Amino acid sequence: MSAPRTRFAPSPTGFLHIGGARTALYNWAFARHHGGRFVLRIEDTDRERSTLESEQAVLDGLEWLGIEWDEGPVRQSERMDRYREVVEELLRKDRAYRCVCTREELEERKQATIAAGRKWTYDGRCRDLALGPGCGPHTVRLRLPAEGRLAWDDLVFGPSGQDAREIGDMIVRRSDGAPLYHLAVVVDDVEMRISHVIRGADHHSNTPFQLALYAALDRTPPLFAHVPLIVGRDGKKLSKRRDPVSVQQFREEGYLPEAMRNWLARIGWSHGDQELFSKAEIAELFELANVHRASAQADPAKLLWLNQHYLKTLDRTLLLDRLLPFLERVSGRRVQPTPELARLVELLRERSRTLQEMAELARFLVVEEVAYDAKAAAKHLRREIVPALADLHARLAALEDFAEGPIEAAFQEVRARHGDLPMGKLAQPVRVALTGGEVSPPIFETLAVLGQHRALARIAEALHYLRHERD
RNA sequence: GCUCCCAUCGUCUAGUGGCCUAGGACGUGGCCCUCUCAAGGCCAAAACACGGGUUCGACUCCCGUUGGGAGCACCA
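Going by our numbering, the first sequence opens with residue 463, and the numbers climb by one from there.
See below:
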C-alpha cells in the first residue's frame with residue numbers, strides 16, 4: 463500500500479478517554495507500521511460543549527502516552543466556511559435539497575408512522591419541492607439513493623453495509639446554518655486525504671450514511687476499520703461514574719505511560735501469546751487483521767500488573783524523575799534526588815504497583831519524623847523489646863561503617879545476647895521505628911539507606927516513646 | 001421496535017476442519033523461599049453459550065435460539 467494517512471479526531475468535551483486513547487494508539491501504530499502519517503483533528507463544531515481546556519487535556523494525554531501526531535491539530539471550528547461551501551455545492555448539484563419541515567411536524571409524523579407499526583425515516587415531503595434560498599428557516603438534506611446498498615469491506619468487521627432506502631434523507635446543515643457532524647467528518651477526511659479511517663465500532667452503523675456523502679461529493683471513500691468498544695466491568699458501556707475512564711486519572715494515580723500503552727494495545731488486539739509490548743513493538747507488530755470484533759472489558763488488575771512490570775524495568779533515572787512529583791505530594795515537601803533516594807527506589811521497584819504506592823513507601827526517607835501507624839505500633843512497639851532495642855541502638859552507634867554487612871552483624875550479636883531473639887521480633891520494631899509502618903525493604907538495607915545519624919535518632923525516638931509515652 | 005454487529009476460562013486472548021486430554025497472560029487458591037511487604041519458583045482450579053445441520057472428523061463452516069453491544073437527532 464502507498465503510505466497511508468490515518469487520523470484521530472476527538473471532540474474536546476472532556477478529558478482523554480481510554481477508548482479514545484486506544485483508538486488514537488491504533489491509528490498511530492497503523493501509520494507507523496506502514497510508514498504513513500498520523501493526523502490529529504479536533505472536532506469542536508459543538509461550540510457549547512467544546513473547551514480549550516479539554517482540548518489541551520486531550521493533547522497532554524496523547525503526549526504523555528507517547529502518541530505523537532505528524533500533522534495538526536486541525537480544528538473543525540476553523541473550517542466552518544469550507545463546510546458551508548460544500549453544502550452550497552451539494553445544493554447546486556441537486557445532491558441535496560432544502561427542507562422546511564419543523565421539528566414538531568417531523569416528530570408528529572414520526573410518531574404516527576411508528577404507531578402504524580412502520581419504520582420511520584424521513585418521508586421526503588420536501589424532496590421534490592425544489593425550495594430556493596428564500597424559503598424561510600430550513601435545513602438541508604442529502605438526497606439518498608432510493609435503492610442499492612451502501613457497502614464497504616471493513617478492515618476489521620469484513621463485508622458490511624446497509625440498504626440505502628433504510629437510511630432516509632439525512633440532514634447535513636441545520637436551520638442555524640451549522641454543518642452536521644457527518645458532513646464535517648467526510649469533508650475533512652477527503653481534504654486531509656485520509657486513507658484509513660480507524661475508529662470506534664460505535665461508528666460502524668454511521669458508515670453507510672457517510673458513504674452516501676462520499677458518493678454525493680463524487681469522492682472515493684477511504685478504507686474503514688472499526689475497532690471494538692471498550693466496555694465496563696459488567697460488559698455494559700463504560701460509565702464515567704462507575705469505571706475509571708480518564709487517562710489523566712490513571713496518570714495521577716501513578717500509572718506509567720509505558721504500562722497504559724501496553725494495556726490499551728492489548729485490549730482487543732493480540733499478537734500470539736505476547737503480553738509485553740514496547741512502544742516500538744506496538745508500531746512494528748500492529749495489524750488490523752489481529753484486531754478482535756467483540757467488545758472487550760478493560761481489566762484494571764492487568765494494568766496494575768503491567769505497571770509493576772514497568773516499574774521493575776524502567777530506567778533508573780527516568781523512574782526517579784517520574785517518582786519525584788508523587789513523593790513531593792505525599793511528603794508535603796520539596797524533594798531533591800539524592801543517592802540515598804536512588805538506592806531506596808531500587809529497593810522499592812518490586813514492592814510497588816504504582817508510583818503512588820512507591821512514594822508512600824519512600825516517604826520515610828524524605829520526612830523529618832515519622833508518625834507511628836497505630837496498628838503497627840500496638841503490635842511491634844512493646845515494652846519487652848526495650849532492652850534489646852537499646853542494646854541494638856548502642857551497637858549501631860558504635861559502627862564505623864554503617865553498611866549492610868556490619869549492620870547485620872550487629873543484629874546477630876544483639877539477638878544472641880537476648881535469648882536468641884527471633885529475627886522478626888527485632889526487625890519489626892526497628893522497622894516501625896524507622897518508617898512508622900510494618901512494610902519496608904529488608905531491614906539492613908532500610909537502615910543503611912536512612913543513614914546512621916537519622917536511623918539512630920529514630921530508634922532513640924522509639925525508645926523514648928516506649929519508656930514514656932506508651933501505656 | 002427497526003437496522004447492523006458480536007459470542008473460547010472471572011478478565012484479556014491463542015486457535016483459521018484433524019496438531020486440542022483446548023495453549024498463554026492477569027486475577028484466584030495452595031506450597032516453597034522469608035526479618036515485614038513484595039518479587040521469584042512450583043502446583044492447582046477455571047472456558048469452546050445452546051440446539052440443529054455439513055463432514056470420515058468440528059472451538060473452527062452453515063442455519064436457528066439465547067445472551068450482549070452499537071446505531072436509529074436540526075449531538076459529536
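Think of the CB as a built atom: it goes at the ideal place given N, C-alpha and C, for glycine as much as any other residue.
Here the structure is a predicted model, which means the values were calculated and not measured.
* Neighbourhood of D705 by C-beta distance below 6 angstroms, restricted to the same chain and skipping five residues each side -> G694
* Asked: Taking C-alpha atoms, which residue in L782, E831, Q518 lies nearest to G794?
  -> E831
* To do: Check each candidate in A910, Q874, V911, L843 and name the one with the smallest Cα separation from H926.
  => L843
* To do: Kindly indicate which residue of V709, C563, G697, E505 has the alpha-carbon position closest to the one of D522.
  => If we check each option's Cα against that of D522, V709 comes out closest.
* **Buried versus exposed, by CB contacts within 10 Å (16 or more), G899** => Buried is the call here.
* To do: Pick out whichever of P849, T800, E846, Y834 has its Cα sitting closest to the Cα of V411.
  => The structure shown has nothing for residue 411, since the chain only spans 463 to 933.
* Can you tell me the Cα-Cα spacing of P868 and E533, whole angstroms? -> 60 angstroms
* Using alpha carbons as the reference points, say which of P719, M885, H930 lies closest to R845. => H930
* L514 burial status per 10 Å Cβ neighbour count (16 or more: buried) -> exposed
* Cβ-based burial, V901 [other Cβ within 10 Å; buried from 16] -> So V901 counts as exposed.
* **Helix, strand or coil at Y834 according to DSSP, with G and I counted as helix** => coil
* Asked: Pick from K572, R587, G481: whose alpha carbon is nearest that of R580?
  -> K572
* Helix, strand or coil for L612 per DSSP? -> strand
* CB D585 to CB T575, shorter than 9 angstroms? -> yes
* Asked: Can at least three beta-carbon pairs, one atom from the stretch 590–609 and one from the stretch 549–565, be found at a separation below 8 angstroms?
  -> With a cut-off of 8 angstroms on Cβ pairs, the stretch 590–609 is in contact with the stretch 549–565, counting three or more such pairs.
* Which residue comes first and which comes last in the alpha helix (DSSP H) that contains I480? -> 480–495
* Asked: A678 by DSSP, collapsed to three states: which one?
  -> helix
* My guess is that R879 and L896 are in contact by the Cβ rule of under 8 angstroms, so how many angstroms apart are they, rounded? -> Their Cβ separation, rounded to whole angstroms, is 21 angstroms, which puts R879 and L896 out of contact at 8 angstroms.
* Would K841 be called buried (16 or more neighbouring beta carbons within 10 Å of its own) or exposed? -> exposed
* Just the C-alpha distance for E547 and A613, rounded to the nearest angstrom, thanks. => 27 angstroms
* To do: Determine the direct distance from the alpha carbon of Q672 to that of M542, and round the result to whole angstroms.
  => 18 angstroms
* Asked: For E846, which of helix, strand or coil comes out of DSSP?
  -> helix
* To do: Determine the DSSP secondary structure at G523, reduced to helix, strand or coil.
  => helix
* Contained beta strand (DSSP E) runs [length at least 3] in the stretch 677–752, N- to C-terminal order -> 685–689
* Asked: Does DSSP put S622 in a helix, in a strand, or in coil?
  -> strand
* To do: Please state whether DSSP places Q798 in a helix, a strand or coil.
  => coil
* Asked: Across which residues does DSSP place A758 in a beta bridge pair?
  -> Per DSSP, I692.
* Asked: F470 by DSSP, collapsed to three states: which one?
  -> DSSP, reduced to helix, strand and coil, places F470 within a strand of the structure shown.
* Given 8 angstroms as the limit, is there contact between the stretch 477–487 and the stretch 726–733, that is, 3 or more CB pairs closer than that? -> yes
* To do: List the endpoints of the continuous alpha helix (DSSP H) containing L782.
  => 778–793 is the extent of the alpha helix (DSSP H) around L782.
* Report, in whole angstroms, the separation of the C-beta atoms of L782 and A804, which I expect to be a contact under 8 angstroms. => Going by Cβ atoms, the distance from L782 to A804 rounds to 6 angstroms, so yes, they are a contact pair.
* Three-state class that DSSP yields for H855 in the structure shown -> helix
* **Bounding residues of the alpha helix (DSSP H) (the contiguous stretch that carries E653)** => Note, E653: alpha helix (DSSP H), 643–653.
* Flag this pair as yes or no: are the beta carbons of V634 and L568 separated by less than 9 angstroms? => no
* Grab me the residues of P849's own chain with a C-beta within less than 8 angstroms of its C-beta, minus the 5 sequence neighbours each way, in chain order. => H880
* For the stretch 876–922, which segments carrying the alpha helix (DSSP H) assignment without a break, of at least 4 residues, lie completely within its bounds, in sequence order? -> 885–897, 905–912
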